[in-house]
Amino acid sequence: MAIPLACQEQLLPGASLSDKFALATTLGYQAIELRGRGDLAFARRLPELRRARADGVPMPTVCVDMDHFIGDFDPDRSRDAVRNLRSQLSVIAELGGIGAMTPAAWGMFSRRLPPFEPPRSPDGDRQVLVDALGELGEHARAEGVSLFLEPLNRYEDHMVNRLDEAVALCAAVGLPSVRVVADTFHMNIEEDDVPAALRAAAPYLGHVQVSDSNRYQPGAGHLDWPALLHTLHDIDYRGWLALECRLRGDPLAALRQAAAVLTHAQPWQAAA
1 MAIPLACQEQ
11 LLPGASLSDK
21 FALATTLGYQ
31 AIELRGRGDL
41 AFARRLPELR
51 RARADGVPMP
61 TVCVDMDHFI
71 GDFDPDRSRD
81 AVRNLRSQLS
91 VIAELGGIGA
101 MTPAAWGMFS
111 RRLPPFEPPR
121 SPDGDRQVLV
131 DALGELGEHA
141 RAEGVSLFLE
151 PLNRYEDHMV
161 NRLDEAVALC
171 AAVGLPSVRV
181 VADTFHMNIE
191 EDDVPAALRA
201 AAPYLGHVQV
211 SDSNRYQPGA
221 GHLDWPALLH
231 TLHDIDYRGW
241 LALECRLRGD
251 PLAALRQAAA
261 VLTHAQPWQA
271 AA
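In our numbering, the protein residues as written are 1 to 272.
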């Protein structure tokens, strides 16, 4: 069975989510991935989101879009990130979606830049993340959705860079509602073998975000999309492929190109 495609909302022109979805379907997408800003802004969008759902717009996931995250060094900012994610999980559950995703942190610290050593120990990092993921996982389970943890590359985060690191945290939490996001851009930087990493993470893999090696749309870089899609088929991945990228060239042509690459790289198409 083909893996369905979603497109993040900010990539699509249109005055409303319904307009965006109508365009998305002509380009080859079957859903819209939402973005969840801080200060509980996502919950304040509920009237708009309910109208979109009534119009038949599938909105399976929300990607957190804030300036602080669950692994923040500041305990107050970490708690606020948890508060926002709890709200986003509740909203996406009301919309009939499957979950919300977050990295440990983004842009807070990198061991690749001075001062090179973070102010919190690795054990301290792990405890903060396990505590936050545990609370969010319990809330997600109660809402009937999942919390997805996304590894980022070494230049954007120092805590969780590879799928196996995310899997280890999910295993430590021990809740089926806490799962892993595979982002092909970050994997291209961090994983020695992308298909092998996906196979190893398969029991915990809940969501996949896609962009090419250069962060532009699939087809604009050098990632091996047939190998990647065949791997997802082989591990019986049942989630979405959500486009999260920059667009090179004409935006509509780029979106159409991405959908075509992702569709035709799938094994069921190759066998047709």
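Don't be surprised by glycine CBs; every beta carbon is placed ideally from N, CA and C.
Exercise for the section: Quick one: using the 10 Å Cβ neighbour count with 16 as the cut-off for buried, is Pro-119 buried or exposed? Expected result: Label assigned to Pro-119: exposed.
Exercise for the section: Following the continuous alpha helix (DSSP H) through Gly-137, name the residue where it begins and the one where it ends. Expected result: 122 to 143 is the span of the alpha helix (DSSP H), which, as asked, contains Gly-137.
Practice task
Determine the extent of the alpha helix (DSSP H) in which Arg-79 is found, giving its start and end residues.
Solution key: 75 to 94 is the extent of the alpha helix (DSSP H) around Arg-79.
Problem - Arg-179 (DSSP reduced to helix, strand or coil) - result: Reduced to three states, the DSSP call for Arg-179 is strand.
Practice task
Indicate the three-state DSSP secondary structure (helix, strand or coil) for Ala-271 in the structure shown.
Solution key: Confidence at Ala-271 is low in this model, with a pLDDT of 45, below 50, so its placement is unreliable and the value that follows should be read with caution. In the structure shown, Ala-271 sits in a helix (DSSP, three-state: H, G or I).
Practice task
Please work out which residues of its chain come closer than 6 Å, Cβ to Cβ, to Ala-41, disregarding the five sequence neighbours upstream and downstream, and give them in chain order.
Solution key: Nothing meets the Cβ criterion.
Practice task
May I ask you to verify whether the stretch 22 to 41 touches the stretch 128 to 139, counting CB pairs closer than 8 Å and requiring at least 3?
Solution key: Three or more Cβ pairs closer than 8 Å define a contact, and the stretch 22 to 41 falls short of that threshold against the stretch 128 to 139.
Exercise for the section: For Ile-235, collect the residues of the same chain with a Cβ closer than 8 Å to its Cβ; drop the 5 residues on either side in sequence, then sort them by chain order. Expected result: Result list for Ile-235: Leu-198, Arg-199, Ala-202, Leu-205, in chain order.
Handout entry: Limits of the alpha helix (DSSP H) - the one that Phe-21 falls within
Key = Boundaries of the alpha helix (DSSP H) around Phe-21: 17 to 27.
Problem - Nearest to Leu-89 (by Cα), restricted to the options Glu-48, Arg-162, Val-62, Asp-76 - result: The residue from Glu-48, Arg-162, Val-62, Asp-76 with its alpha-carbon nearest to that of Leu-89 is Val-62.
Problem - Within the stretch 150 to 222, ranges of the beta strand (DSSP E) (whole runs, at least 3 residues) - result: With a minimum length of 3 residues, the continuous beta strand (DSSP E) runs that stay inside the stretch 150 to 222 are 178 to 183, 205 to 210.
Practice task
Answer yes if the stretch 54 to 73 comes into contact with the stretch 99 to 106, meaning at least three C-beta pairs across the two stretches below 8 Å, and no otherwise.
Solution key: Because the criterion of three Cβ pairs below 8 Å is met, the stretch 99 to 106 and the stretch 54 to 73 touch.
Exercise for the section: Using 7 Å as the cut-off, classify the Cβ of Leu-133 as near or not near the heavy atoms of the ligand GDP, replying yes or no. Expected result: Ligands displayed in this structure: none; no statement on the ligand GDP is therefore possible.
Handout entry: Three-way DSSP call (helix, strand, coil) for Arg-44 in this model
Key = In this structure, Arg-44 counts as helix in the three-state DSSP scheme.
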